[in-house]
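Trainee: Pasting a structure here, questions to come.
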Amino acid sequence: MRTNKKQQLLATAMDIVESDGLQGLTYDSLSTATGTSKSGLIYHFPSRRALEVELNKYSASLWTQALEDIAGAPPQQLDLPLRLKAIVINQSTSARRADLFLTLQSLPDPEIRRIWTDAWQPWSEGIAENSAALFILTLADGLWTSDHVNPTPLSATERQLIVEQACAFIDSVQWDSGRLPAHVDIVFPSYSFRSTSDSLSPSGLE
44 MRTNKKQQLL ATAMDIVESD GLQGLTYDSL STATGTSKSG LIYHFPSRRA
94 LEVELNKYSA SLWTQALEDI AGAPPQQLDL PLRLKAIVIN QSTSARRADL
144 FLTLQSLPDP EIRRIWTDAW QPWSEGIAEN SAALFILTLA DGLWTSDHVN
194 PTPLSATERQ LIVEQACAFI DSVQWDSGRL PAHVDIVFPS YSFRSTSDSL
244 SPSGLE
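Written as structure tokens, this is what we have:
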């Protein structure tokens, strides 16, 4: 699909946020980076607020498209286990700083939060009511943000191991009951855990 001018501008805007944060995204910085006049930018984004809103819409569309590409179908055609696997695989790569900045921005902002809520809703159907699904979602979120909150980043091998264990866990769950399986060993790079029907208990260092 041919990328239009607005999408090109938004892609560059994401790069600016990645390197300089949201405060670094201005008409001046975007004009310099793209070679587009300020009047040309204003045509697409009448205000900085409009630019922020469109940037979140753009980022949300990339996220949902990535999920569909991984799953091979839209969320409405997928059951909960397949949606969870797509989420885990999609979030197995470390988050870009730009993604984190946009995520944090959306929390106190009702208009922008709605963009992400609408994008997320079809993929999250049934998760809130299911303890096993919540466990997997929390794991996926941790995998996505881990390198930004820990001094040592996860290696590609470690990430692959976690994805494989998460997918094996998904396959082991009795989804009609929504409960964690009785005994499933989950092996991570440094720790191993044994799940019970109600909790995860550490079994110690390997």
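Quick note on numbering: this note's numbering labels position 49 of the sequence shown as 92, and the sequence is numbered without any gaps. Built from N, CA and C at the ideal position, the CB exists for glycine as well.
Helix, strand or coil: how does DSSP classify ALA103 here?
Mentor: Helix.
Trainee: Helix, strand or coil for GLN50, going by three-state DSSP, please let me know.
Mentor: helix
Trainee: If you reduce the DSSP assignment to three classes, tell me which class GLN134 lands in.
Mentor: coil
Trainee: Between the Cα of ILE205 and those of VAL192, ILE179 and VAL216, spot the shortest distance and give me the residue it belongs to.
Mentor: Ranked by how close their Cα comes to the Cα of ILE205, the residues VAL192, ILE179 and VAL216 have ILE179 in first place.
Trainee: Residue ranges of each alpha helix (DSSP H) run of no fewer than 4 residues wholly in the region 69-125, ordered along the chain?
Mentor: 70-77, 81-87 and 91-114
Trainee: By how many angstroms is the C-alpha of PRO153 removed from the C-alpha of SER250?
Mentor: An answer regarding residue 250 cannot be provided, because it is not within the stretch 44 to 249 covered by the chain.
Trainee: If you draw a straight line from the C-alpha of THR77 to the C-alpha of ILE85, how long is it?
Mentor: 13 Å
Trainee: Between GLN134 and LEU186, what straight-line distance do the alpha-carbon atoms span, to the nearest angstrom?
Mentor: 7 Å
Trainee: Of the choices PRO89, VAL131 and LEU123, whose alpha-carbon is the least far from that of ALA109?
Mentor: VAL131
Trainee: Since GLU201 and ARG140 are thought to touch, with beta carbons under 8 Å apart, how far apart are those beta carbons, to the nearest angstrom?
Mentor: Not quite, the Cβ-Cβ distance comes to about 21 Å (not below 8 Å), so this is no contact.
Trainee: Who are the near neighbours of GLU95 in its chain, counting only those whose CB is closer than 6 Å to its CB and skipping five residues on each side?
Mentor: none
Trainee: Could you name the residues of the same chain whose beta carbon sits closer than 7 Å to that of HIS87, not counting the 5 residues immediately before and after it, in chain order?
Mentor: LYS49 and LEU52
Trainee: From ALA129 to LEU197, what does the alpha carbon distance come to, in whole angstroms?
Mentor: 20 Å
Trainee: List the endpoints of the continuous alpha helix (DSSP H) containing ALA171.
Mentor: Where ALA171 is concerned, there is no enclosing alpha helix (DSSP H), given that its DSSP letter is neither H nor E.
Trainee: Taking 8 Å as the threshold (C-beta atoms), are LEU127 and ALA171 in contact?
Mentor: Their beta carbons are not under 8 Å apart, which means ALA171 does not touch LEU127 by this criterion.
Trainee: To the nearest angstrom, how far is the alpha carbon of ASP190 from that of GLN120?
Mentor: 33 Å
Trainee: Exposed or buried, what is VAL192 when buried is set at 16 or more other beta-carbons lying within 10 Å of its beta-carbon?
Mentor: exposed
Trainee: Output the boundary residues of the alpha helix (DSSP H) element that contains ILE139.
Mentor: A quick correction: the sequence has Arg, not Ile, at residue 139. That residue, ARG139, is in no alpha helix (DSSP H); it is neither H nor E in DSSP.
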